[in-house]
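Residue numbers (the numbering used here): 276 to 433.
Before any comments, here is the structure.
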């Protein structure tokens with residue numbers, strides 16, 4: 276478990292992703308993956324301090340937990356990066372779901388002391404092709420995250 280947010284951590288995420296892929300290969304169902312990275316988060320820490328940055332991370336974690344389903348795997352991968360494994364979601368459903376999450380995070384108004392902050396997130400998506408390894412699947416979603424950032428941030432790329 277991640278000590279700051281109470282979410283699952285990277286190790287749990289890696290294990291759960293491999294388990295889902297193993298199981299969903301057998302039953303031939305889709306598995307979606309979204310990787311989220313908070314935009315300009317270093318600026319939040321540099322301007323307002325790490326305590327405020329921590330508040331932002333906790334608020335985003337609470338938002339993600341509130342929007343995901345009980346069988347989704349939601350984790351903080353480290354820093355300002357989060358991931359969600361979404362079983363039984365094709366690319367269309369996953370894109371709509373990710374867009375709802377992106378908007379919800381953009382609509383957060385995070386109060387820390389006398390500072391009120393807004394944050395945005397860039398999101399990379401992939402739906403498993405039933406052939407690639409967990410690592411390759413993750414890398415594909417990560418490339419889409421990079422694309423979202425390259426296109427101006429605060430967007431979803433699949």
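Heads up, the beta-carbon is just placed ideally off N, CA and C, and yes, glycines get one too.
Quiz prompt | Sequence ranges, alpha helix (DSSP H) only - wholly within the region 295-380, length at least 4 | solution = 316-323, 325-342
Practice problem: Have a look at 370, 387, 282, 394 and flag the residue whose alpha-carbon is nearest the alpha-carbon of residue 316. | Solution: 394
Practice problem: Give the straight-line distance between the Cα atoms of residue 356 and residue 302, rounded to the nearest whole angstrom. | Solution: 30 Å
Quiz prompt | Neighbourhood of residue 428 by C-beta distance below 6 Å, restricted to the same chain and skipping five residues each side | solution = Cβ neighbours of residue 428 beyond the five flanking positions: 314, 397.
Self-check item: Between the CA atoms of residue 282 and residue 433 - distance to the nearest angstrom
Solution: 25 Å
Practice problem: Give the C-beta separation of residue 383 and residue 359 to the nearest angstrom, bearing in mind that I take them to be a contact with Cβ-Cβ under 8 Å. | Solution: 17 Å between Cβ atoms; not a contact.
Self-check item: DSSP three-state assignment for residue 430, whether helix, strand or coil
Solution: coil
Quiz item: Among 431, 277, 430, which residue has its Cα nearest to the Cα of residue 353?
Solution: Nearest C-alpha to residue 353: 277.
Practice problem: Mark residue 400 as exposed unless 16 or more other C-beta atoms lie within 10 angstroms of its C-beta, in which case mark it buried. | Solution: buried
Quiz prompt | Between the CA atoms of residue 378 and residue 371 - distance to the nearest angstrom | solution = 11 Å
Quiz prompt | Span separating the alpha-carbon of residue 330 from that of residue 306 | solution = Each residue's alpha carbon lies about 31 Å from the other.
Practice problem: Please work out which residues of its chain come closer than 7 Å, Cβ to Cβ, to residue 423, disregarding the five sequence neighbours upstream and downstream, and give them in chain order. | Solution: 397, 398, 399, 430, 431, 432
Exercise. Using the Cα positions of residue 390 and residue 411, report the straight-line distance between them to the nearest angstrom.
Key: 40 Å
Quiz item: Which of the three DSSP states, helix, strand or coil, is assigned to residue 279?
Solution: Coil at residue 279, not helix or strand.
Quiz item: Hey, out of 426, 425, 421, whose CA is closest to residue 309's CA?
Solution: Ranked by Cα distance from residue 309, the first of 426, 425, 421 is 421.
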